[in-house]
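Asker:
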Amino acid sequence: MGILQRFENRLEQVVSGAFAKAFRSAVQPVELAAALQREVDNSAQILSRDRRLVPNAFHIELSPMDYERLGPYEQTLGTELIQLLREHAEEQHYVFTGPVSIEFHQGDDLGTGRFRVRSQATAKVSATQPRQEGGLLSSFRRKSTSAVIEVNGTRQPLTPPGLVIGRGAESDLRINDPGVSRRHAEIRVAGGKDQPSVTVVDLGSTNGTLVNGHRVEHATVTDGTTIRIGNTTMTVHFETSSEGADDVE
421 MGILQRFENR LEQVVSGAFA KAFRSAVQPV ELAAALQREV DNSAQILSRD
471 RRLVPNAFHI ELSPMDYERL GPYEQTLGTE LIQLLREHAE EQHYVFTGPV
521 SIEFHQGDDL GTGRFRVRSQ ATAKVSATQP RQEGGLLSSF RRKSTSAVIE
571 VNGTRQPLTP PGLVIGRGAE SDLRINDPGV SRRHAEIRVA GGKDQPSVTV
621 VDLGSTNGTL VNGHRVEHAT VTDGTTIRIG NTTMTVHFET SSEGADDVE
């Protein structure tokens, strides 16, 4: 029995006949399943001889009528589609960069029965307590931190002396991306309280570190700088804050 057939059989077991009725003249769940499989296959990137990296975040756009009909069954359908993708990935030796998610959206330009699938690779990001310099001045800088690094919706403060980014558990900012080394790069923070000096240093990673599209070993970071490691892109932002000025005695 193929993956799509198993998908249809599971749906029949967990939803009522109202589900089939709702989709009688609209987009069919098996069509969405097949489209997601194609999206994964077309987006696969070779990691090694037996492993290929694929997207893990999917957005399905439906026509206004289909989106309305789907509403009561969105969670059930999403769960079954995720299971289908996991089975397909296991059969094809695909690797997801993070947890698989599927979101449904309304596409006002789509007619009934038409849909659109988009995907992206979004690695899971987890942060530990950043390393801090000791002393009273360090306390001042923590409260007036004016730099942050944003990655996959997570914003991490950049405070002296900085942080190590990588896939390993010992990293300060851990990114679950197969293209990222265990200790991939270090963001070094120093300088004044108004705007710290921020630099990025590659730590001998396998795939290198790109700053604004250029591979570097060491580079100065400014507001809006993008840093790409593996399949993950991060952005550094500088923000103005006067907090903590009264802490210095």
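Positions in the sequence shown are counted from 1; adding 420 to them yields my numbering. Backbone N, C-alpha and C define an ideal beta-carbon position, used for all residues, glycine too.
1) Count the other CB atoms within 10 Å of the CB of residue 598; is the residue buried (16 or more) or exposed (fewer)?
2) In chain order, what residues of the same chain lie with their CB nearer than 7 Å to the CB of residue 611, ignoring the 5 residues before and after it?
3) Does the segment 501-514 touch the segment 443-460, meaning 3 or more C-beta pairs lie closer than 8 Å?
4) Here's a check: name, in chain order, each residue in its chain whose Cβ is nearer than 8 Å to the Cβ of residue 606, leaving out the five neighbours to either side.
5) Using 8 Å as the cut-off, can you tell me whether the segment 487-504 makes contact with the segment 538-546, which would need three or more C-beta pairs spanning the two stretches below that distance?
6) If we call anything under 9 Å between Cβ atoms a contact, is residue 649 one with residue 600?
7) Report buried or exposed for residue 557, applying the criterion of at least 16 other Cβ atoms within 10 angstroms of its Cβ.
8) Measuring only the C-alpha atoms, how far is residue 469 from residue 491?
9) Figure out for me which residue from 450, 474, 643 has the closest Cα to the Cα of residue 671.
10) So, at 8 Å on beta carbons, what are the nonlocal neighbours of residue 450 in its own chain, with the 5 sequence-adjacent residues on each side left out?
11) Just list the beta strand (DSSP E) runs in the segment 503-537, keeping only unbroken ones of 3 residues or longer that don't cross its boundaries, in chain order.
12) How far does the alpha helix (DSSP H) with residue 453 in it reach, from first residue to last?
13) What's the gap between the Cα of residue 479 and the Cα of residue 655?
14) Could you spell out the range, first to last residue, of the beta strand (DSSP E) harbouring residue 622?
15) Quick check on DSSP: helix, strand or coil for residue 574?
16) When the Cα of residue 498 is compared with those of 570, 523, 476, which residue comes out closest?
17) Between which two residues does the beta strand (DSSP E) holding residue 606 run?
18) For residue 651, which three-state DSSP category applies?
19) Mapping DSSP to helix, strand and coil, what is residue 469?
20) Are the Cβ atoms of residue 629 and residue 604 separated by less than 9 Å?
21) Indicate whether residue 472 and residue 537 have their beta-carbon atoms separated by less than 9 Å.
22) Roughly how many angstroms separate the alpha carbons of residue 467 and residue 518, rounded to a whole number?
Answerer: Result, derived from the coordinates:
1) One-based indexing of the sequence shown puts residue 598 at position 178. Answer is buried; the Cβ neighbour count reaches 16.
2) Your numbering for residue 611 matches position 191 in the sequence shown. Closer than 7 Å at Cβ, skipping near neighbours: 617.
3) Cβ pair count under 8 Å is three or more, so yes.
4) Locating residue 606 in the sequence shown gives position 186, counting from the first residue. Around residue 606: 582, 583, 584, 585, 620, 621, 623.
5) No: fewer than three Cβ pairs fall under 8 Å.
6) Position 229 of the sequence shown, counted from the first residue, corresponds to residue 649. Position 180 of the sequence shown, counted from the first residue, corresponds to residue 600. Between residue 649 and residue 600, the C-beta spacing is below 9 Å.
7) Looking up residue 557 in the sequence shown gives position 137. In this predicted model, residue 557 has a pLDDT of only 39, less than 50, meaning its place in the structure is not dependable enough to derive any value.
8) Within the sequence shown, numbered from 1, the residue matching residue 469 stands at position 49. Within the sequence shown, numbered from 1, the residue matching residue 491 stands at position 71. Cα to Cα, residue 469 sits roughly 41 Å from residue 491.
9) Outside the displayed range of the chain (421 to 669) lies residue 671, so it cannot be described from this structure.
10) Locating residue 450 in the sequence shown gives position 30, counting from the first residue. So the qualifying residues of the chain are 424, 427, 428.
11) Restricting attention to beta strand (DSSP E) runs no shorter than 3 residues, the segment 503-537 encloses them at 514-516, 521-526, ordered along the chain.
12) Position 33 of the sequence shown, counted from the start, is the residue given in the question as residue 453. Looking at the DSSP string, the run of the alpha helix (DSSP H) that includes residue 453 is 449-463.
13) Taking the first residue of the sequence shown as position 1, residue 479 is located at position 59. Taking the first residue of the sequence shown as position 1, residue 655 is located at position 235. The alpha-carbon atoms of residue 479 and residue 655 are separated by roughly 23 Å.
14) As a position in the sequence shown, residue 622 is number 202, starting the count at 1. Counting along the chain, the unbroken beta strand (DSSP E) around residue 622 starts and ends at 617-622.
15) Translated into positions along the sequence shown, residue 574 becomes position 154. Strand at residue 574.
16) Taking the sequence shown and counting its residues from 1, the one referred to as residue 498 is at position 78. It is 523 whose Cα lies nearest to the Cα of residue 498.
17) Translated into positions along the sequence shown, residue 606 becomes position 186. Its beta strand (DSSP E) spans residues 605-610.
18) Looking up residue 651 in the sequence shown gives position 231. In the three-state reduction of the DSSP assignment, residue 651 falls in the coil class, being assigned neither a helical nor a strand state.
19) If you number the sequence shown from 1, residue 469 lands on position 49. In this structure, residue 469 counts as coil in the three-state DSSP scheme.
20) Position 209 of the sequence shown, counted from the start, is the residue given in the question as residue 629. Position 184 of the sequence shown, counted from the start, is the residue given in the question as residue 604. Cβ distance < 9 Å, so residue 629 and residue 604 count as in contact.
21) Numbered from 1 along the sequence shown, position 52 holds the residue referred to as residue 472. Numbered from 1 along the sequence shown, position 117 holds the residue referred to as residue 537. Between residue 472 and residue 537, the CB-CB gap reaches or exceeds 9 Å.
22) Reading the sequence shown from its first residue, position 47 is the one you call residue 467. Reading the sequence shown from its first residue, position 98 is the one you call residue 518. Distance between the alpha carbons of residue 467 and residue 518 is about 15 Å.
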